[in-house]
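Take a look at the structure below.
If you want it as structure tokens, here you go:
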């Protein structure tokens, strides 16, 4: 389960970083994660930053939970 959280977190962080690259550089044409989210006309830059933050949280969470069980 730990590897699953880390893998999903990494994929979300990479998707967010690719979205930021698309926003500023405009050359990453394979980025389609934000298109599938029901956000309406929201600013996609903030959504990509949120994807990076959620991905980082998912990558760190298994270590925090495991550390709490060893006490």
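Numbering (my numbering), first residue to last: 29 to 99. The C-beta atom is built at its ideal place from N, Cα and C for all residues, glycine as well.
Rounded straight-line distance, which links the Cα of residue 92 to that of residue 49 = Distance between the alpha carbons of residue 49 and residue 92 is about 30 Å.
Of all the options 66, 31 and 43, which has the alpha carbon lying nearest to the alpha carbon of residue 77?
-> Relative to residue 77, the option among 66, 31 and 43 whose CA is nearest is 43.
Keeping to the same chain, check which residues put their C-beta closer than 7 Å to that of residue 36; ignore five residues upstream and five downstream.
-> The residues are 86.
Nearest residue (CA-CA) to residue 40, options 89, 32, 80 and 51 = Among 89, 32, 80 and 51, the Cα nearest to that of residue 40 belongs to 80.
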